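If you use the working numbering, the sequence shown closes out at 227, no skipped numbers anywhere.
In this text, a Cβ means the ideal position worked out from N, Cα and C, and glycines have one as well.
Keep in mind that this is a model prediction, so the values were computed, not measured.
Since the structure comes first, as structure tokens, the remarks are kept for the end.
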Amino acid sequence: MRTPLAALLMVMAAAHAHAQTPAQNPAQNPAQDAAPTTDPTQVRAGSYVLDAAHGKITWSVSHLGYSTYYGQITDVSGQADLDPKDPGKNRLTVTIGMGSINALNETLNRHLQGPDFFDTQKFPTATFTATLVEPTSPTTARVAGSLTLKGVTKPVAFDATFNRAGLNPIDKRYTVGFDGWAVIKRSDFGVNAFLPAIGDDVSLRLEGEFKAQ
């Protein structure tokens with residue numbers, strides 16, 4: 015829970031994969047720099063912050079084998095430094111407020127936040143830090159990093175897809191957007207309640223829009 019939000023590093027990796035293709039210097043053409051693009055090599059270098067209104071994690075897990083249960087985590091923040099021309103300078107960290115885990119049912123929400131599951135009073139946040147990106151196509155990558163959840167740190171990887179970058183027509187801010195997908199085992203992080211009746215594999219759908227600072 016990867017981050018969500020770590021897919022900006024995929025943008026950098028894709029740009030690195032295109033390093034042999036000359037790209038126009040954005041400073042020489044600001045209008046082109048702000049125009050929407052699906053080419054990660056054209057992403058503007060700089061510092062970014064995750065848009066809280068458009069950054070979330072949708073999770074799903076098998077419930078007793080009868081259904082797949084869905085919920086969301088909505089308190090997600092992230093910071094990134096992006097330089098498509100120098101991938102070694104790229105940085106990304108994500109913080110997840112576990113108190114925002116939502117099973118769309120108040121009773122289930124309280125149970126998920128309690129000691130059986132995430133014990134959010136004792137462990138209010140989870141964090142993800144990206145450490146490695148492996149491009150899988152010009153606009154996709156496998157992103158690896160370290161996830162700390164419920165006091166346990168484990169390696170986690172997810173698949174990321176770069177959507178587009180450019181000037182957002184609503185808030186007029188330069189924006190980079192992505193989707194991501196991952197599967198983690200909750201037992202790896204000490205979340206063992208009701209195994210195996212409730213599934214160990216948790217699927218994560220990551221969505222994020224990062225705003226240039």
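Beta bridge counterpart(s) of residue i as assigned by DSSP
i: Asp133; result: DSSP, once it has assigned bridges, lists no residue as partnering Asp133.
i: Ile184; result: Answer by DSSP bridge pairing: none, since Ile184 is not bridged.
i: Gln93; result: Val63, Thr107
i: Val205; result: According to DSSP, which records beta bridges pairwise, Val205 is partnered with nothing at all.
Environment of residue i [buried if 16+ CB atoms lie within 10 Å]
i: Tyr80; result: exposed
i: Arg124; result: exposed
i: Val190; result: buried
i: Arg229; result: Because the chain here runs from 15 to 227, residue 229 falls outside it and cannot be looked at.
i: Lys70; result: buried
i: Ile184; result: exposed
Residue i in three-state terms, based on DSSP
i: Gly113; result: helix
i: Asn123; result: helix
i: Phe172; result: strand
i: Lys103; result: helix
i: Thr88; result: coil
i: Pro149; result: strand
i: Ala211; result: coil
i: Asp53; result: coil
i: Arg200; result: helix
CB-CB length for residue i against residue j, believed under 8 Å
i: Val108; j: Phe224; result: With 8 Å as the limit, Val108 and Phe224 do not qualify as a contact, their Cβ atoms being about 11 Å apart.
i: Gly213; j: Ser76; result: 3 Å
Residue-chain proximity (residue i, chain D), Cβ-Cβ < 8 Å
i: Asp53; result: In summary, chain D is missing from the structure at hand, where a single protein chain is found.
Query raised in the report: Is there contact here, the segment 51-58 with the segment 76-92, by at least three beta-carbon pairs under 8 Å?
Result: No, the segment 51-58 does not touch the segment 76-92.
Query raised in the report: Do three or more CB pairs link the segment 146-159 to the segment 119-137 at distances below 8 Å?
Result: Because the criterion of three Cβ pairs below 8 Å is not met, the segment 146-159 and the segment 119-137 do not touch.
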